[in-house]
Amino acid sequence: MFKKTLGKILKRKSFLNDAVGSDARERNPFRIAGDNARDLRNWRAAADNYTKYLHQYPDDFDIWVQLGHAEKEAGAFDGAEAAYRQALVLDPNDADLLLNFGSFYRRMGDLETAAEMIRRSFEVDRNRPAGAELERSIFQPYLANAEKHVARTKLRPRAAEVVGPRVRSIGAVDSTHGWTISGWAVDPDAPNEPAEVAFFLDGALIDSCVMHRFRSDIDLLGHGSPLAGFSVDLDLDYGKQKSYTVSARLARSGQELLDSPVIMSAPVEYANWVCRKADTKGDVLELVRRKFASETAGELLSIVMPVYNTPILWLRQALTSVAEQWCENWELICVDDCSPNSDVRDVLDEFSARDSRFRTIRLEVNSGISSATNAGILSAKGNYVAFMDHDDYLEPDAVYRMLQAGQKRPELIYSDEAITGDSIATIQHFVARSAFSYDYYLSHPYFVHFVAVRADVARAVLLDETLKISADVDFVLRVIEKSSNIAHVPSFLYRWRTHKTSTGHARKSEVTAATIGVLKRHLERSGVQANVSPGLGFNNYRIDFHDDRGKTMIVIPTKNRGDLLKACIDSILKTSSTDNVDILVIDHESTDKATCRYLASLNGVATVLPYSGPFNYARMHNYALEHISEDYKYLLFMNNDVEAIDAGWLEHMRGLAGRSDVGVVGATLLYGNLTIQHSGVVMSLGDLVDHAHKFLPFEVDGERNRGYNLSLSSTRDYSAVTGACMMMRRDVFAGIGGFDETFAVGYNDTDLCLRIGSLGLKILNDPYAVLYHHESATRLDTDHMKHPEDAKRLIARWSDMLAAGDPFYNPLLVPRPAEDHSVRKIQDIYAPPRIRAVNPVIKSSSTARPEKFAV
5 MFKKTLGKIL KRKSFLNDAV GSDARERNPF RIAGDNARDL RNWRAAADNY
55 TKYLHQYPDD FDIWVQLGHA EKEAGAFDGA EAAYRQALVL DPNDADLLLN
105 FGSFYRRMGD LETAAEMIRR SFEVDRNRPA GAELERSIFQ PYLANAEKHV
155 ARTKLRPRAA EVVGPRVRSI GAVDSTHGWT ISGWAVDPDA PNEPAEVAFF
205 LDGALIDSCV MHRFRSDIDL LGHGSPLAGF SVDLDLDYGK QKSYTVSARL
255 ARSGQELLDS PVIMSAPVEY ANWVCRKADT KGDVLELVRR KFASETAGEL
305 LSIVMPVYNT PILWLRQALT SVAEQWCENW ELICVDDCSP NSDVRDVLDE
355 FSARDSRFRT IRLEVNSGIS SATNAGILSA KGNYVAFMDH DDYLEPDAVY
405 RMLQAGQKRP ELIYSDEAIT GDSIATIQHF VARSAFSYDY YLSHPYFVHF
455 VAVRADVARA VLLDETLKIS ADVDFVLRVI EKSSNIAHVP SFLYRWRTHK
505 TSTGHARKSE VTAATIGVLK RHLERSGVQA NVSPGLGFNN YRIDFHDDRG
555 KTMIVIPTKN RGDLLKACID SILKTSSTDN VDILVIDHES TDKATCRYLA
605 SLNGVATVLP YSGPFNYARM HNYALEHISE DYKYLLFMNN DVEAIDAGWL
655 EHMRGLAGRS DVGVVGATLL YGNLTIQHSG VVMSLGDLVD HAHKFLPFEV
705 DGERNRGYNL SLSSTRDYSA VTGACMMMRR DVFAGIGGFD ETFAVGYNDT
755 DLCLRIGSLG LKILNDPYAV LYHHESATRL DTDHMKHPED AKRLIARWSD
805 MLAAGDPFYN PLLVPRPAED HSVRKIQDIY APPRIRAVNP VIKSSSTARP
855 EKFAV
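Every letter in the sequence shown is one number past the one before it in our numbering, and letter 737, counting from 1, is 741.
What follows is the structure, given as structure tokens:
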């Protein structure tokens, strides 16, 4: 229905548009931004931009409807209602609008108003969708002329049947996805108290919940308590059955909610993955076992599992997941840390008697998880030692994938994982990780499960038994200190059961303090000067590397648009220390009088360097280098449409850029509407390359949006960053010959980063350098922005990397802009391990000069 309405709106031209000039309206920047955000399903941004547009053109019916849709999809139901009503004032007889409005009220539970709106839609043009809605029995009590509607639309007779009165809906199931069922409910017997909903499977109660989410729409309608919403993860095992029919009812009365029962199925993006263990059996399973045995001959994975008073069901699930591995080259060392529960000992004895690969070590006294883990490490016989919690679960190919990655003998291997609730079958979300990024791990220790360490390294390091919290992070950091290579297996091999008693979730302040101490000691051992403090949320840490305050030149190209340039320079002066910082403006033939006057006024603030000739971004910056003396240690390339926001951004970038292992540092850039414009560049995203996290809101509920796996709030590696705001040491830029001038307009920054990265230097994005970027405000001609020749050149030069995929973007994630960092259909994807050097040998910069990459 929404698509139908949207299609009609997009084709429609109102007489009001014609009266004031439809071209001006269609070219309006807020309308364009709203349309773009709508197409990308960024509903909040769409609504905000449509609102700004409507301040200028309050008589635009089409955009009032669009605003209503955007507010509804964003969950702002009161805003949606207001927008639809304003559209209705402008055109009270638009059938599609009335039908949408009716559906809106139906979803909110106001069936009487919904019926009236749908009836009015039907009476405008007797459209079939409205007639079909009127056929629904829920509307019959509100339709005085039901027989007339039946006659007009030739609906089935049951539409005219008399239905018992229902004063209003008691609730509805709004949506289901995978294991999650969401909706709302109000108990008419106790409307001012949060209702309780019960969920049934084949008549048996499987779960219940008291309403716990505030619903402004229910509050607006005056139905009852505004705490009327629910979102519940049900314990549905899709490994046993691919779909379930679930009923949602008021617990007190047993009344069914609207749109219940519902069929719940495994999410399509990973349905086959969830079911593959149950589906792999018989001859197929035997074939898989033989293949895995052949490819891992002579290898052994020792899995260490500390055990203490584990709930028996959870323990059995964990042990069974190991017993049912498709690769049989494993041993499981269960270290019982003196569990007082005799049932735990009995279960361990049961599995040990069944299979000699289950080995049990019993400690005489309760010694803690670190001591228990060390006992298991020292007892291990395998090439690699892996670590598993006593209440978690291994996917059936976990042993095979880890041993396969170990064949190149990296010191450390880690995989992706699925996060579950109390039920191991109920997956809440997937964590698809980047290939190894040292800075990412410091900012957010982003892997804990599934981890395997080469046995000789594990025995040399061991866990620090004096640490009661964050001993795992300390262990990994000390392993990293002894590692040459680290492998990432891009596959969901582990299910991590999170529950209220999980240490990391129950004692957040203690975990934060302990991890800060662990990070500080690691940096001290590494001889690094840095300050460590809490980051932008739990399990996020801010690392401020020493800023040597080296002399810095900010290079800003411009042509006309003195207004943008002034805002850019003023923001730099306001937010940065000007000691040892200078500004060089490359003036590309500005002719605007106001701009020329501003440039002339910059004496003492910035140096203006005239540049003549055709536009060539790369050549302009290389030309600027010729006029920058060698006593400048740092170069900061900055577009004239960039605007700094808060103090300290430049100093933080410079602390990163000053490290000898870092080549380029990029900034986190925002559009004017506070959505992400840039936070790193991903290769093979979209048609060629694109920015990560584009169009995501910078803040959510008043707090910083930390992004997928905390990518937006962590310093981390990317293959490239944008030249709109990038910093590097002068010797790095000069050493590689600067920008490649054959990339005249586009991709010159991407090519520069890839060449610097080829030396073994890191390309980092800084989440603490946040600036506005009014992107391409000085070059609106789309012909200049397409630059197909530059694209062809980038493809030819970096075809191998584009084909292999970006190492810092997981192949299990969607490879489309504005949908990035969401899980794709994973069942048919196999990606080999990605191995990265911890401290690569830095090559001579001359090997990355443009002429070395001629194609």
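Just so you know, even glycine gets a beta-carbon here, dropped at the ideal spot from N, CA and C. A quick note: this is a predicted structure, and the numbers were derived from the prediction, not measured.
Counterpart residues of residue i in DSSP-defined beta bridges
i, result
"I547", "V536"
"W334", "L305"
"D211", "F203"
"T180", "I185"
"A252", "F203"
"C729", "M642"
Alpha carbon of residue i to alpha carbon of residue j, nearest angstrom
i, j, result
"D114", "A84", "15 Å"
"M732", "Y636", "11 Å"
"P836", "A409", "8 Å"
"S580", "T502", "43 Å"
"F496", "Y442", "21 Å"
"R511", "H216", "23 Å"
"D551", "D645", "26 Å"
"H4", "K856", "No answer is possible for residue 4: the residues shown for the chain start at 5 and end at 859."
"Y54", "S306", "59 Å"
"L756", "Y621", "12 Å"
"G690", "R123", "45 Å"
"L568", "Y242", "56 Å"
"G175", "D82", "18 Å"
"S374", "R840", "28 Å"
"S850", "D476", "41 Å"
"G531", "I520", "17 Å"
"D66", "A87", "11 Å"
"N709", "L289", "44 Å"
"H695", "R546", "23 Å"
"G258", "A134", "30 Å"
"A150", "S173", "At A150 the pLDDT is 37, less than 50, meaning the model places this residue with poor confidence; the figure from the coordinates comes in the next sentence. Looking at the two C-alpha atoms, the distance is approximately 20 Å."
"V389", "L398", "15 Å"
"Y450", "A822", "23 Å"
"R797", "F699", "28 Å"
"P688", "G809", "Reading off the sequence, residue 688 comes out as Ser, not Pro. Looking at the two C-alpha atoms, the distance is approximately 6 Å."
"S594", "L231", "60 Å"
"V326", "D263", "41 Å"
Exposure label - residue i; buried when at least 16 CB within 10 Å
i, result
"R110", "buried"
"H394", "buried"
"A194", "exposed"
"F535", "Note that residue 535 is Asn in the sequence shown, not Phe. It counts as exposed."
"H153", "For H153, the predicted structure reports a pLDDT of 38, less than 50, and the residue's modelled location is therefore unreliable. A value from the coordinates is still provided. Buried, by the Cβ-count rule."
"Q60", "exposed"
"S247", "exposed"
"H448", "buried"
Beta-carbon spacing of residue i, residue j below 7 Å
i, j, result
"L816", "A436", "yes"
"G741", "P561", "no"
"D396", "W500", "yes"
"A99", "D129", "yes"
"V669", "L768", "yes"
"D665", "K524", "no"
"D341", "N387", "no"
"R366", "W330", "no"
"A282", "F812", "no"
"T418", "R720", "Note that residue 418 is Tyr in the sequence shown here, rather than Thr. Cβ atoms of Y418 and R720: not closer than 7 Å."
"I490", "P538", "no"
"G106", "A118", "yes"
"L416", "S487", "yes"
"L466", "N543", "no"
beta-carbon residue i near the ligand SAH non-hydrogen atom, thresh 6 Å
i, result
"V612", "Among the components of this structure there are no ligands whatsoever, and the ligand SAH is therefore not found."
Any chance you could list the alpha helix (DSSP H) runs of at least 4 consecutive residues sitting entirely within the region 473-503, in chain order?
-> 475-485
Enumerate, from N- to C-terminal direction, the unbroken alpha helix (DSSP H) stretches of 4 or more residues contained entirely within the region 312-371.
-> 316-327 and 346-358
Of all the alpha helix (DSSP H) runs that stay within the bounds of the region 731-816, which reach a length of 4 or more residues?
-> Annotation: the region 731-816 contains the following complete segments of the alpha helix (DSSP H) (minimum length 4 residues), in chain order: 734-739, 752-761, 786-790, 792-801 and 803-808.
Starting from the N-terminal side, write out each stretch of the beta strand (DSSP E) that is 3 residues or longer and does not extend beyond the region 638-720.
-> 638-642, 646-648, 666-674, 680-682, 685-687 and 693-695
Could you give the uninterrupted runs of the alpha helix (DSSP H) lying entirely in the region 546-602, keeping only those of 4 residues or more?
-> 566-579
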